[in-house]
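Asker: This is the structure I have questions about; it appears just below.
Here you go:
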């Protein structure tokens, strides 16, 4: 299912980041660690409403391009559910899953010994290798604007074909939200010519693909 991707590292000093980005990083690590301790390996452990909403989001990433045989980076891989989804769809990729929560990575390695999972934050320890596709599902649920801007810039820099992520299009309590037009504004700073948005798969949700 998954072939090994050789990784070289490029570290960054935490002090060089915007304090709001660093605070968001720390808050997310704490939040998801607490969710894991409460809900363990479940959609709720990732703050998803249900497995259905998670599946609906995963299906959107199949519209990004032909993933078969490609190098795919799953940012915020959680419990490895996107890896499991790809296997169930019969899509063979060179998969790499990153997460900042150690318990998630331990869980992934136990569930999927044939997968490649790593505790890594690309804001501080960016791999030098490029991936064909980079996906981030749910990564911005508890973000702030500085974190969002920094993360999409770094994630896009790791892709050779496209970077995809999902967002909420309406304000919801405890979740990060900015207007879609503002999201697209920041995406256009990376590539003003080739951006795709998918909608109508879940109420209040949309997915953005930014291409090379």
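Numbering (the numbering used here), first residue to last: 2 to 213.
C-beta atoms are modelled at their ideal positions from N, C-alpha and C, and glycine is treated no differently.
In chain order, what residues of the same chain lie with their CB nearer than 6 angstroms to the CB of residue 149, ignoring the 5 residues before and after it?
Answerer: As a position in the chain shown, residue 149 is number 148, starting the count at 1. So the qualifying residues of the chain are 141.
Asker: Would a C-beta distance cut-off of 9 angstroms place residue 119 and residue 99 closer than the cut-off?
Answerer: Position 118 of the chain shown, counting from 1, holds the residue named residue 119. Position 98 of the chain shown, counting from 1, holds the residue named residue 99. Yes, the Cβ-Cβ distance between residue 119 and residue 99 is below 9 angstroms.
Asker: Are at least three pairs of beta-carbons, each pair with one atom in the region 98-113 and one in the region 31-39, less than 8 angstroms apart?
Answerer: Flag = yes, the region 98-113 and the region 31-39 touch.
Asker: Where does residue 194 fall in DSSP's three states?
Answerer: Here residue 194 refers to the residue found at position 193 when the chain shown is read from its first residue. Here residue 194 sits in coil by DSSP.
Asker: Tell me residue 125's beta-bridge partners as DSSP assigns them.
Answerer: Working through the chain shown from its first residue, we reach residue 125 at position 124. Answer is none; residue 125 lacks a bridge partner.
Asker: Is it the case that the region 198-207 contacts the region 153-164, given that we only count it when at least three CB pairs across the two stretches are under 8 angstroms?
Answerer: No, because fewer than three Cβ pairs between the region 153-164 and the region 198-207 fall closer than 8 angstroms, the two stretches do not touch.
Asker: Name the two residues that bound the continuous alpha helix (DSSP H) containing residue 112.
Answerer: Here residue 112 refers to the residue found at position 111 when the chain shown is read from its first residue. Note, residue 112: alpha helix (DSSP H), 103-112.
Asker: Taking all protein chains shown into account, decide if residue 91 is buried (16 or more other Cβ within 10 angstroms of its Cβ) or exposed.
Answerer: Sequence index remark: in the chain shown, residue 91 carries index 90 (1-based). Exposed is the call here.
Asker: Considering only residues of the same chain and omitting the five flanking positions on each side of residue 161, which have a CB-CB separation below 6 angstroms?
Answerer: Taking the first residue of the chain shown as position 1, residue 161 is located at position 160. Only 131 and 133 meet the Cβ criterion.
Asker: Figure out for me which residue from 189, 136, 181 and 89 has the closest Cα to the Cα of residue 79.
Answerer: Numbered from 1 along the chain shown, position 78 holds the residue referred to as residue 79. When each option's Cα is compared against that of residue 79, the closest is 136.
Asker: Just the Cα atoms here: how many angstroms apart are residue 169 and residue 87?
Answerer: Residue numbering aside, residue 169 sits at position 168 when the chain shown is read from its first letter. Residue numbering aside, residue 87 sits at position 86 when the chain shown is read from its first letter. If you take the alpha carbons of residue 169 and residue 87, they lie about 24 angstroms apart.
Asker: Strictly by DSSP, which residues pair up with residue 208?
Answerer: Stepping through the chain shown from its first residue, residue 208 is reached at position 207. Beta-bridge pairing links residue 208 to 167 and 199.
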